[in-house]
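In terms of this note's numbering, the sequence shown opens at residue 6 and continues consecutively. A virtual CB, placed ideally from N, CA and C, is assigned to each residue, including glycine.
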Amino acid sequence: MWETYGTMLAPERRVSMVSFNTTAFLWINASARPPVWLLDLAWFAAQTLVLAAPLLLVGGWLWRTRAPRAALVHAALAALLGLMINQGIGLLWFEPRPFMLGLGHQFLAHGADNSFPSDHLTVIWGTAFSLLFHKGWRKAGFALALMGLPVAWARVYLGVHWPLDMLGAAMVASGSALLLWPWHGALRFATRLMNRVYRRIAQPLIARHWIEA
6 MWETYGTMLA PERRVSMVSF NTTAFLWINA SARPPVWLLD LAWFAAQTLV
56 LAAPLLLVGG WLWRTRAPRA ALVHAALAAL LGLMINQGIG LLWFEPRPFM
106 LGLGHQFLAH GADNSFPSDH LTVIWGTAFS LLFHKGWRKA GFALALMGLP
156 VAWARVYLGV HWPLDMLGAA MVASGSALLL WPWHGALRFA TRLMNRVYRR
206 IAQPLIARHW IEA
């Protein structure tokens with residue numbers, strides 16, 4: 006496991022990281038016969054809570070205009086950038102998932118693809134961390150960031166991720182949000198363009214006061 010770290014980390018540090026990752030995974034991962042209610046809860050967190058990020062962005066755009074929409078553009082781009090960074094990391098090395106190594110118990114169907122970092126958590130925290138930069142959206146960003154915690158737990162509990170995959174997702178998400186933050190002018194310009202297109206397309210609904218202008 007983590008063979009490519011051989012050229013990146015000292016042997017003793019590599020062994021320590023692998024040992025920590027494995028120990029933490031086995032501690033969090035579900036037992037062979039977990040309670041059905043806990044499995045259902047974990048499945049909901051692992052598969053469904055990620056939808057909170059796009060729903061927040063869409064809902065915020067349509068129904069909350071008192072706070073700047075540029076924050077939503079920042080958050081959406083940070084999530085997309087995070088996913089692109091994850092793809093780049095996957096090209097540099099392949100990290101097998103626990104079930105690919107026969108470790109622990111798997112209760113969620115998943116392809117045998119790269120494990121590090123977690124895409125689900127990158128989307129949630131990339132969105133959340135970006136919103137924390139913007140006045141008017143910080144409460145929503147903080148709530149979304151907290152929502153990422155059960156997602157992180159659930160994907161390890163169900164056997165499809167390592168604990169360090171979640172740390173990697175946090176680093177990528179925060180890095181993406183920080184990288185885009187200095188581009189205030191570009192974000193505002195993109196928001197103005199999107200507003201024009203949105204108002205032209207959605208004018209009938211705006212006129213009926215179903216959504217905000």
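Which of the three DSSP states is assigned to Lys140 in this structure? coil
May I ask you to report which of helix, strand or coil DSSP gives Pro73? coil
Does DSSP put Ile90 in a helix, a strand or coil? helix
Return the CA-CA distance between Leu184 and His79, expressed in angstroms with no decimal places. 10 Å
Going residue by residue through the stretch 98-162, where are the continuous alpha helix (DSSP H) segments of at least 4 residues, counting only ones entirely within it? Listed in chain order, the complete alpha helix (DSSP H) runs (minimum 4 residues) inside the stretch 98-162 are 124-136, 143-162.
Compare the Cα-Cα distances from Val165 to each of Arg102, Leu54, Phe194, Thr70 and report the closest residue. Arg102
Buried or exposed, going by whether 16 or more other CB atoms sit within 10 Å of the CB of Asp170? buried
Pro4 by DSSP, collapsed to three states: which one? The structure shown does not extend to residue 4, since the chain is modelled only from 6 through 218, so no value can be given for it.
Hey, quick one: how far does the alpha helix (DSSP H) through Asn34 stretch, first residue to last? Note, Asn34: premise wrong, no alpha helix (DSSP H); not H, not E.
In chain order, what residues of the same chain have a beta carbon less than 8 Å from the beta carbon of Arg193, not counting five sequence neighbours either side? Ala75
Rounded separation between Pro59 and Ser24 - CA only: 36 Å
Looking only at its own chain, which residues have a Cβ that is under 7 Å from the Cβ of Ser120, when we skip the five neighbours before and after it? Glu100, Pro101, Arg102, His166, Trp167, Asp170
Report back the beta-carbon spacing between Gly180 and Val128 to the nearest angstrom; my notes put them in contact at under 8 Å. Contact doesn't hold; Cβ gap of about 14 Å is too wide.
Distance between Asn26 and Met199 (C-alpha atoms, nearest Å): 43 Å
Beta-carbon separation of Gly65 and Leu46 under 8 Å? Remark: C-beta atoms of Gly65 and Leu46 do not approach each other more closely than 8 Å.
Is the distance from the Cβ of Trp32 to the Cβ of Glu217 below 8 Å? no
Under the assumption that Phe147 contacts Leu137 (Cβ atoms under 8 Å), give the Cβ distance between them as a whole number of angstroms. 7 Å
How would you call His214, buried or exposed, if buried means at least 16 neighbouring beta carbons within 10 angstroms? exposed
Rounded C-alpha distance that separates His139 from Ala150: 14 Å
What three-state label does DSSP hand Ile216 in the structure shown? In the structure shown, Ile216 sits in coil (DSSP, three-state: anything other than H, G, I, E or B).
Which same chain residues, not among the five before or five after Trp186, have their C-beta less than 6 Å away from its C-beta? Phe138
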